[in-house]
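Working notes for the structure below.
Number of protein chains: 2
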Amino acid sequence: MELVTLSDVQAAARNIDGVAVRTPLLAAPWAGASRGPQGEAARAGLGVELWLKPESLQPVGAFKLRGAYHTVALIPADVRANGVVAHSSGNHAQALAFTARAFGIPCVIVMPDVSSPVKIAATRALGAEVELVPPPERLNRCAEIAAERGMTVVPPFDHHDVIAGQGTVGLEIVADLPDVACVLVPVGGGGLASGVAVAVKALRPEAVVIGIEPELAGDAAESMAAGELRKWPVELTYRTIADGLRTALSERTFAHLRKYVDAVLTVTEAEIEGAMRELAVRGRLVVEPSGAVSVAGYLRHRAALPAGRTVAVLSGGNVGAEALVRVLS
Amino acid sequence: MELVTLSDVQAAARNIDGVAVRTPLLAAPWAGASRGPQGEAARAGLGVELWLKPESLQPVGAFKLRGAYHTVALIPADVRANGVVAHSSGNHAQALAFTARAFGIPCVIVMPDVSSPVKIAATRALGAEVELVPPPERLNRCAEIAAERGMTVVPPFDHHDVIAGQGTVGLEIVADLPDVACVLVPVGGGGLASGVAVAVKALRPEAVVIGIEPELAGDAAESMAAGELRKWPVELTYRTIADGLRTALSERTFAHLRKYVDAVLTVTEAEIEGAMRELAVRGRLVVEPSGAVSVAGYLRHRAALPAGRTVAVLSGGNVGAEALVRVLS
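Set out below in structure tokens:
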């Protein structure tokens, strides 16, 4: 299998320029002072070890826009005009709908008929057609629509161009913090972790890239330890509140993780909620459970991380008021 | 009185580079579609009219870092070495403490003895000495300390250099959104509004700059209408939850507002809390009441604003978990 390269990611950066927000790195001194070298940080009075990459501030509230937009941009114009289709009940749905509207092309999102009305409405509000089907029929229905209408399927993570697009997060991290020692990135299907690791390792090989996932959906950590792809049944992965990280890796993302990611570590549900609370009150950021696992991982595993500056990628911020109130109360 | 100029603000931008975060402009499509020209927005599928400038993401959680840092940077090095002093119980205290630590100089913050333990602790955590005095003695004690220790007083808003520093927010807005039609900015003491208006009007004279304040602390709106500075007693202004906006204008900031700000409009307490809720759930940003008045102003006064792209400055994000829970529940 051909893995994503740095030049693929650089091409993606050119495509998404002006569409995705160039999110800043934000210092998080509240997470503890630096154990590493001071340099410029000392001048700024910081001594900060943890920096946040708030992808929660993208339009549609998640990094997914990067991969979706880049992938659609690479479809030949005559084919692209027929539109795009995906099955998703999460952030990928809104990212693809947003992208299709930007290109002025049709978009169908196939969602499980058990999806929340809020997510259905949000996707429709972005101009996509939403088709509700029983969960086991999602893949088939998606393929059917693609065949019937000549639409291109844009998968949420198991796709070369999608991974390249997500990798732009890694490019920006190294550009903004050239001496970064460690990058923590949430792992669900593995698209974000794959892309970020490709970019970071190419530009700064000495940096460590670590995936973080919930213990309750710890399939990636198990796969890395076993040296082979292990998939957990949904009955297990659906126990975590981190709804964006319940997905298993694909062969493609596992291949990237094995080559470019140093380790995958896990966090508990209580640690995820604690990180969400700290991010809201001290970081002034609303982050969804899947996005907060990276900070939870920092707070839990800090002693085992390399000394120096660490970046935690906050992958998304789509969380309801009720869930926010619960973690803040 | 000599007013702040564009070149003062440009000098401030050079001083704060690498210290203050270059906050991005974030689209807020949830606040309503555009009535103005589409252009690039149409390409990006947005049609967005409201854009947010999240100064809540600065270190210390507020724009105050810009003015404090620039002002301290301009103090001659031999004088600066003696340290800085201010009286403040709010965001200016933490901004000055952060700045002093960055320069490696002493810092004393005089606070009312009724200040919350959280704010006192936060200021001490940044390395400042905190001196608690009865509220009426704050100014005198601050002057005494300055005289005794050779420290320079850095006022929260009534100072040429502080206003110039806050103006860098305006520079960045016009740089990122050259066709901006309207800028909404919170008004308390008026330092932020003064600086932003100077920069925006110099670079884009056709843009409208509007100050927003709580009805319950509507002294700036009254002053603008009367054409003379009107100060409200603290018994009145302390009714608003927007604790950063209870201060009266100074002669200096009023002079800037009269020359460069087109109008000052007011919002209710319920509108402020509604804006905080929308910003958290749909904007994924934790914003304090004083910072949310600009969005509250947009939502209330939208029909009266010029067509085209509007920027709301979110001045700060320092709000406790309890207050957040209240507006989200």
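These protein sequence lines map, in sequence, to chains A and B.
With my numbering applied, the first sequence corresponds to residues 1 to 329, in that order.
With my numbering applied, the second sequence corresponds to residues 330 to 658, in that order.
Note that beta-carbon positions come from the ideal geometry of N, C-alpha and C, so glycine has one too.
Note on geometry: alpha-carbon atoms of B/L643 and B/K393 lie some 12 angstroms from one another. Of the candidates A/E137, A/F98 and A/A207, the residue whose Cα lies closest to the Cα of A/L126 is A/F98. Within chain A, no residue has its beta carbon less than 8 angstroms from that of B/S619; the closest one is some 13 angstroms off.
At a cut-off of 9 angstroms between beta carbons, B/L614 contacts chain A. Sorting B/S445, B/P441, B/V491 and B/V498 by C-alpha distance to the C-alpha of B/R470 places B/P441 at the top. Interface annotation for the region 244-275 of chain A against chain B: empty, criterion Cβ-Cβ distance under 7 angstroms. Annotated as proximal: B/L355 and B/P383, with beta-carbon spacing under 9 angstroms. Between A/V9 and A/V198, the beta carbon gap of about 6 angstroms places them in contact (Cβ cut-off 8 angstroms). Using a 10 angstroms sphere on the CB of A/A304, the tally of other CB atoms stays under 16, which defines it as exposed. By the neighbour-count criterion, in which 16 or more other beta carbons inside 10 Å mark a residue as buried, B/Y589 falls on the buried side. Residue pairing by DSSP puts A/M111 in a beta bridge opposite A/L132. Note on A/A121: under 16 other CB atoms within 10 angstroms of its CB, so exposed under the neighbour-count rule. Among the residues of the region 378-412 of chain B, those with a Cβ less than 7 angstroms away from any Cβ of chain A are S385, L386, P388 and G390, in the order of the chain. The contact set of B/L506 on chain A, defined by CB atoms closer than 9 angstroms, is empty, because the minimum CB distance reaches about 12 angstroms. Contact annotation: the region 202-218 of chain A touches the region 261-274 of chain A, with at least three C-beta pairs closer than 8 angstroms. Cα atoms of A/G61 and B/A349: separation of roughly 24 angstroms, rounded to the nearest angstrom. 9 angstroms or more divides the Cβ of B/L574 from the Cβ of B/S523. Going by DSSP, B/L653 is part of the alpha helix (DSSP H) stretching over A650 to L657. In this chain, the beta strand (DSSP E) harbouring B/K382 covers L379 to P383. A/R66 is not a Cβ neighbour of A/A28, given a cutoff of 9 angstroms. At a cut-off of 9 angstroms between C-beta atoms, A/G308 does not count as an interface residue with respect to chain B. For A/A321 and A/I241, the gap between their C-alpha atoms comes out near 15 angstroms. Beta-bridge partners assigned by DSSP to B/P515: B/I541. The alpha-carbon separation between B/G499 and B/V525 amounts to approximately 4 angstroms. In the structure shown, A/D179 adopts coil according to DSSP, grouped into three states.
Only exposed fits A/V79, as fewer than 16 other CB atoms lie within 10 angstroms of its CB. Proximity of the region 462-479 of chain B to the region 493-507 of chain B falls short of the contact definition, fewer than three beta-carbon pairs being nearer than 8 angstroms. With contacts defined by Cβ atoms closer than 9 angstroms, A/T152 and A/V84 form a contacting pair. At the C-beta level, B/L657 and B/R606 come within 9 angstroms of one another. According to the DSSP assignment, A/H70 belongs to the alpha helix (DSSP H) that extends over K64 to L74.
Going by DSSP, B/T639 is part of the beta strand (DSSP E) stretching over T639 to L643.
About 5 angstroms separates the CB atoms of B/A510 and B/P635; that is less than 8 angstroms, so the two are in contact.
The alpha helix (DSSP H) runs lying completely inside the region 551-618 of chain B and spanning 4 residues or more are 563-566, 580-589 and 598-610, given in chain order. In terms of Cβ geometry, A/L257 and A/L249 form a close pair [threshold 9 angstroms]. Taken through DSSP and simplified to helix, strand or coil, A/A20 comes out as strand. For A/Q94, the CB contacts under 7 angstroms within the same chain, skipping 5 residues up- and downstream, are V60, A122, T123 and L126 in chain order.
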